[in-house]
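Beneath this line is the structure, given in C-alpha cells, with notes to follow.
Numbering (the UniProt record's numbering), first residue to last: 1 to 286.
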C-alpha cells in the first residue's frame, strides 16, 4: 500500500504484529536539530489534545518523544538515537517526532486512515507512532530493527514515492534496519529459507500486493526484498545501493538500474535468485 509499511513477521518473535507506525517527518534532505521539530510536535498534539493531557516529553539526539511515561519515553528516545545513527551512516541525518500513546486503540486512532491490524509498522507523512504494548514485547534487537527500518523510511521520504517498487522501498529499509542487528541470514529470512530448502525458491521479486495485510507470503516478501538489497550491496557496494535508491527517486528504477549498476531488472533478478539459494539453501555436508 502506497506510503505504508508492514512488518508483521513471525520469525523468532522479533517483530510481533501491530507494534509501531511511522510517518515521515522531514523527507530525504532533513538535517535540522530536534528543537526545530517543536512546532510539528505541538501541531500533532493539538490534533488529539485529550490523548496527551498528561503527556511527558523526552528529547533524543534528533528526536522528540511524546508519551505517557517518562521512563518509557526516555528508553524509546535512546533506541531512536542508535537507530538514527545507523540511518545517518548509510543515508544521512534524520529527525523525527515520536508519539507513544497509552493503548493500541489510540495508536490505531492516530494512524487512521491506515489500518494497523496485522501490521507492526507503517510509513506515511508527519509522525512516528509507537504501540506501547507491542513495542514492549519486542526484544532489544527487535526494537532496534523496527525503529531503524522506520527511520529509514522517514529519511528517504518513502511516503512520497508512490512510483518506487515496493521491493526497493521495503528492502532498503530492512537492509539498513538489520545492519547492526548481528543476526544470521537464515534467522532473518526464516520463512523464505523453509521454501528454499523445500525446493521452491523465489522466481520473481515480490509485487506491491504481497506487502499488504493478509498476504499469505507477507514475511517472505520482506525477506526477498531485504535479500535483493543485501545482494546489491555485496555485489556492487553499499554506496551503489544508496545511489540506486536516490536515482530511482529521480528517474524510476529501470533507468536507475542502467545508470548506477549497468543492469536490467531481469538480469539483476537472475543474480538475486542465485544469491537467495546460496544464502538459504542446504548447508554443505548437512
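Every residue, glycine too, gets a C-beta built ideally from N, C-alpha and C.
I need the straight-line Cα distance from residue i to residue j, nearest angstrom please.
i           : j           : result
residue 193 : residue 278 : 11 angstroms
residue 263 : residue 257 : 5 angstroms
residue 178 : residue 85  : 13 angstroms
residue 23  : residue 241 : Per-residue confidence for residue 23 stands at a pLDDT of 41, beneath the threshold of 50, marking its modelled position as unreliable; the derived number appears in the next sentence. The alpha-carbon atoms of residue 23 and residue 241 are separated by roughly 23 angstroms.
residue 180 : residue 136 : 20 angstroms
residue 124 : residue 109 : Residue placement at residue 124 is flagged as unreliable, the pLDDT there being 46, under the threshold of 50; the coordinate-derived value follows with that caveat. Roughly 14 angstroms between the two C-alpha positions.
residue 210 : residue 283 : 28 angstroms
residue 205 : residue 275 : 13 angstroms
residue 249 : residue 144 : 26 angstroms
residue 51  : residue 239 : 42 angstroms
residue 111 : residue 129 : 7 angstroms
residue 169 : residue 70  : 33 angstroms
residue 186 : residue 195 : 12 angstroms
residue 259 : residue 265 : 12 angstroms
residue 60  : residue 218 : 33 angstroms
residue 236 : residue 230 : 10 angstroms
residue 127 : residue 271 : 37 angstroms
residue 243 : residue 155 : 14 angstroms
residue 87  : residue 35  : 20 angstroms
residue 273 : residue 233 : 15 angstroms
residue 245 : residue 253 : 8 angstroms
residue 213 : residue 207 : 13 angstroms
residue 101 : residue 228 : 35 angstroms
residue 132 : residue 267 : 43 angstroms
residue 90  : residue 176 : 7 angstroms
residue 147 : residue 107 : 16 angstroms
Buried or exposed: which applies to residue i, given that a residue is buried once 16 or more other Cβ atoms fall within 10 Å of its Cβ?
i           : result
residue 165 : buried
residue 216 : exposed
residue 224 : buried
residue 200 : exposed
residue 220 : buried
residue 103 : exposed
residue 47  : exposed
residue 280 : buried
residue 202 : buried
residue 53  : exposed
residue 255 : exposed
residue 105 : exposed
residue 32  : Residue placement at residue 32 is flagged as unreliable, the pLDDT there being 42, under the threshold of 50; a coordinate-derived value is accordingly withheld.
Tell me where the alpha helix (DSSP H) around residue i begins and ends.
i           : result
residue 109 : 104-111
residue 274 : 265-280
residue 173 : 166-177
residue 187 : 185-188
residue 143 : 140-156
Exercise for the section: Could you pull out every unbroken beta strand (DSSP E) segment of at least 3 residues lying fully inside the region 209-256, listed in chain order? Expected result: none
Handout entry: 4 or more residues per run - each alpha helix (DSSP H) lying fully within the region 33-99
Key = 38-47 and 70-90
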